[in-house]
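Worksheet: the structure to be examined is printed underneath.
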C-alpha cells in the first residue's frame with residue numbers, strides 16, 4: 228500500500244477532515260527532516276523515521292484508527308529521550324498544549340485523534356510540540372533506513 232492508498236482508506240473510515248489533517252501532518256514531518264513511509268503491517272500506518280547516531284528512530288505515526296501517535300517506546304532508545312525525565316517533559320509539553328490523554332507509563336504512546344487536530348490553531352499547538360521533540364533528536368546527514 229502506498230501513501231495515497233493509505234490516505235484514501237483513512238478518509239473512508241474517518242472522513243475528509245481527518246485526511247486533510249493527516250496530509251498536513253505528513254507535510255510538516257517532511258519539513259522537519261523526517262522520512263515518511265507506509266508500514267507493512269496488516270493494518271498499515273504512516274510512519275516517520277530519522278537516522279540518529281547510526282540507528283533509525285521512529286518518533287511519530289499516523290495510525291489506521293484515525294490518530295496521531297508519538298511512540299515513547301521507540302524514543303526510549305534515542306539519544307535525547309533515553310531518560311524518563313525527558314520523556315516526561317514531552318508528555319508535560321503535550322498536556323500544557325491542551326491535549327488530554329492517559330499514560331500508564333513513559334514507554335507507551337501519546338495518541339491524539341486526528342479529528343481533535345482538525346482546527347488549525349489546535350494542530351499548530353501539536354506541531355509545536357512535535358517540532359520541539361524532533362529538535363531534541365540528534366540528526367545525521369541522511370534520513371530513511
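Residue numbers (our numbering): 228 to 372.
Glycine included, every Cβ here is placed at the ideal spot set by N, Cα and C.
- In the three-state reduction of the DSSP assignment, residue 289 falls in the strand class, which pools E and B.
- A residue is called buried when at least 16 other Cβ atoms come within 10 angstroms of its Cβ; residue 305 meets this threshold and is buried.
- Residue 280 has its alpha-carbon roughly 34 Å from the corresponding atom of residue 345.
- The DSSP-derived three-state label of residue 274 is strand.
- With contacts defined as CB atoms closer than 8 Å, residue 265 and residue 321 fail to qualify as a contacting pair.
- Leaving aside the five residues that flank residue 365 on each side, the residues in its chain whose CB is nearer than 8 Å to its CB run, in chain order, 279, 280, 306, 307.
- Under the three-state reduction of DSSP output, residue 342 falls in the helix class.
- For residue 280, there is no enclosing beta strand (DSSP E), as DSSP marks it with neither H nor E.
- In the DSSP assignment, residue 268 falls outside any alpha helix (DSSP H), carrying neither H nor E.
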